[in-house]
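Worksheet: the structure to be examined is printed underneath.
Protein chains: 2
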Amino acid sequence: MAFQSELEVFRKFLKNQGMRYTPEREAIIKEIFSIHDHFDVDGLYISMRRKGLRVSKASIYRLIPLLIEANLIAEVFFDKGQTYYEHIYGHEHHCHLRCKECKKIEEFSDPRLKDLEKELSERFGYKILTHKLQVIGICSKCQAKEDSA
Amino acid sequence: MAFQSELEVFRKFLKNQGMRYTPEREAIIKEIFSIHDHFDVDGLYISMRRKGLRVSKASIYRLIPLLIEANLIAEVFFDKGQTYYEHIYGHEHHCHLRCKECKKIEEFSDPRLKDLEKELSERFGYKILTHKLQVIGICSKCQAKEDSA
DNA sequence: AGGCTTATTGATACTGAGTTACAATTTCTT
DNA sequence: AAGAAATTGTAACTCAGTATCAATAAGCCT
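Protein chains in written order, with numbering that gives the first Met the number 0: chain A, 0 to 148; chain B, 0 to 148.
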């Protein structure tokens, strides 16, 4: 099957569910997929406003679970009450290494996690859907800062 | 060094920081370490109330970050705006396999994650502090329910 | 193309976790 | 025992996310 754009995928998803494709939803999705980084609702809203794109926050909040359901985005982490997301459609599944101090993020993936999933599935009888591995550490820059402090 | 109780560890931690050991803090810690399961602030507060232990929620909220700092407890996961914790003092580090439907939790640990930590440390130059692996799936009971639905 | 059903929108009010301010109280040091 | 400083509880507050509802618009059907 040929590669489909996020919009195409989402259009089909909506149709399947008897839901509607609206200009607001289109604008939000385009904005999300133009940001190639982690994002949160508030930041998304602000950057849309700055471009003169007027959608309500409620519409963004309402759209997010649909995009997750459609496997286009996923929650990555929480930080101080903010939920951050990233797009996953067309991306390899990966995990995150975060600096506790400066919040910098490195992405990585590791085949051993697939093996682990399989073993867990057999051991506990679960059907595994996904995994989320966060590794927390101190990046080299912040280590240097600490040493000199 | 002989095994120290959570209270002893925390007392020392407080002293180090110039903080004070109060009956309220003692009561909350005792309650936390009497629950051998994941807990959240609200549940903790309610179970203390039922026992006639009167501390304010604010005191619990204020204590939690200290217990985390002292490595006695850790955040495990968020669910519907609730933050859940578990004690880690005196426990092997472990990860969680959660059923998406019924929220049941299995714990496991895997030596490969230590290897992975080491490799990440070398590759990205981070000092690794910890990792948090959540595996999401459907448990066998919930699979059965889905099949019959 | 027009009409109709029904989903969606934005505004607003609300909820609920967690934080903050502050006066009263208590710990801990000397 | 006294005094400085930390802690407590109460109540007010913040802020992410949700629910309500009237107005609007998508998309199907003829």
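Ideal Cβ placement from N, Cα and C applies to all residues, glycine included.
- In the DSSP secondary-structure assignment, C94/B is bridged to F107/B.
- The secondary-structure analysis by DSSP pairs V134/A across a beta bridge with L96/A and H130/B.
- The beta carbons of L71/B and Y44/B sit about 18 Å from each other, so the pair does not count as a contact at 8 Å.
- Contact between K126/B and G124/A does not hold, since their C-beta atoms are separated by about 38 Å, which reaches or exceeds 8 Å.
- For the stretch 124–138 of chain B, residues whose beta-carbon sits nearer than 7 Å to a beta-carbon of chain A comprise G124, Y125, K126, I127, L128, T129, H130, K131, L132, Q133, V134, I135, G136, I137 and C138.
- The beta carbons of I28/B and E5/B sit about 6 Å from each other, so the pair counts as a contact at 8 Å.
- Taking 9 Å as the threshold, the shortest C-beta distance from F32/B to chain A does not fall below it.
- Within the stretch 14–72 of chain A, no complete beta strand (DSSP E) segment of 3 residues or longer occurs.
- Cβ-Cβ separation between V134/A and H130/B: approximately 4 Å, consistent with a contact (criterion under 8 Å).
- Of the other Cβ atoms in all chains shown, fewer than 16 fall within 10 Å of the Cβ of R53/B; this residue is therefore exposed.
- In this structure, the straight-line span from the alpha carbon of F9/B to that of T82/B is close to 22 Å.
- Taken atom to atom, the span from the alpha-carbon of L65/B to that of R19/B is near 12 Å.
- Bounds of the beta strand (DSSP E) holding Q81/A are Q81 to H86.
- Nearest in C-alpha terms to L115/B, of all of I31/A, E118/A, L96/A and K102/A, is L96/A.
- At a cut-off of 9 Å between C-beta atoms, S147/B does not count as an interface residue with respect to chain A.
- The beta carbon of E116/B sits closer than 9 Å to some beta carbon of chain A.
- Proximity of D109/B to chain A, defined by a Cβ-Cβ separation below 9 Å, is satisfied.
- H37/B and F77/A have their C-alpha atoms spaced approximately 19 Å apart.
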